[in-house]
Every structure is written in C-alpha cells, then in structure tokens.
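The structure appears right after this line, and notes come after that.
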Amino acid sequence: MSGLNFVSKIMMLFFAALGFGWYSCMQHYADKAYAKSYNLVFKAEEAAARHNYKEAMQLYDEAIKVSSSQYAAFNNRGCLKIKLKDPGGSIDDFDKAIAIEPNFEGGYSNKGYALLVLGKHSEAIANYSRAIACRPCKQIYISRAKARKIAGDLEGAAEDLKRAKAASESPPSSKKLHRSTYGACMLCYGSPGS
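In this text, residue positions in the sequence shown follow our numbering: the first is 26, and each later residue adds one.
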C-alpha cells in the first residue's frame, strides 16, 4: 500500500467501508426475514393446534417463501403432511430441514417415521440411527425399536428398549406443539397409522 497515493488509499478505505455496510445491511435484512419467517411458523403451529390444517399449510408455505433457511418450517410442514396422510410428500421437507440444520435430530427422526409409514423399514431405521447420533433420547430409541420390530429384528428392538430406559427424557410429544428445546419445531413421533 506504500506505492499508492493518498487519494487511492482513501478510495480503498471508502469502498471497504461501503462493502462492510452493504454486508451489514444484507445481514440485517436476512435476520429480519428469518424473524418474520419464525413468527409465521408460530402462527402455523397455532393454526395446526386448532386443527385448521389448511391455514397451517399456507402459513408454512409463506414462512418458507420469506426465508428458505427456516428449517422449522420445512420440518413442521413435513409433519403436517404426515398428519394429512401424505408421508411421501413429507420426505422432501425433512430432507430440506436436514440440509439446513444437519444436527437437528427431529428432521432425521421425522423422516424415519415417514419412511416407516411408507413401509421402508431399513431406511427408517437408518434415519432413526442418525437422529440418535445427533441426540440420543428415550423417544427416538423407542421409535427405532418399533421400526426394528416391524422389520423383524426383535433382538435389535429389545436392545433399543434397554437403551431407551437409560437415555435422557423424551422430547415433548408431537401431540403438543412446543417451542422450548427445539424452537418452533414439531416432532412426529408415533406408530404408523397414528
């Protein structure tokens, strides 16, 4: 920088500051969009709790349009699709939630549940295993035990039930919407057909 004249140095500093300001502005916009999307997810949860599934689906769709990095919106929309008897349609949503937040065990567990409903037992077990790798908890071990039992692996199912007894408490049931541990994320635990 010693070979540059004073005006060139000032111009470089100006453009560096301008670039930083642009980045800060874009970050602020992204944060505002994410916050708006998160609020839409909360509204969708409330609509789902009132059994207004059409409104909930529209709100999840809107949340995703506002911020495509809102993993809770993809996850919860996937859960809603399962509730509406469209487990096949939920897989893509869970994949997107996992791509955004690779350590969110709910995405893997929910995908496992959808795959189990679809009769894809080995894929379901693999997704439950990924969920356990992210966060070993009682309910996920129980879900994997059910999948193993359905697949005919009674020994593996028994082992998972033993692990469930020693594991941490389960996340809240999907019957209740929750925001504490998981932010605005629903989990679709249960047995196929429930």
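Even for Gly, the Cβ is constructed at its ideal location relative to N, Cα and C.
{"Check": "Residue range of the unbroken alpha helix (DSSP H) whose run includes A149", "Outcome": "H146 to C159"}
{"Check": "Nearest-angstrom Cα separation, counted from V91 out to G144", "Outcome": "34 Å"}
{"Check": "Residues bridged to C162 [DSSP beta-bridge criterion]", "Outcome": "S193"}
{"Check": "Cα-Cα separation, L140 to A58", "Outcome": "32 Å"}
{"Check": "S115 versus A191: straight-line alpha-carbon distance, rounded", "Outcome": "31 Å"}
{"Check": "DSSP state of E126 mapped onto helix, strand, coil", "Outcome": "coil"}
{"Check": "Per-residue DSSP class, three states only, for A176", "Outcome": "coil"}
{"Check": "Coil, strand or helix - S134 by DSSP", "Outcome": "helix"}
{"Check": "Reduced DSSP secondary structure (H/G/I, E/B, other) of N100", "Outcome": "helix"}
{"Check": "Extent of the continuous alpha helix (DSSP H) run through D86", "Outcome": "Y78 to V91"}
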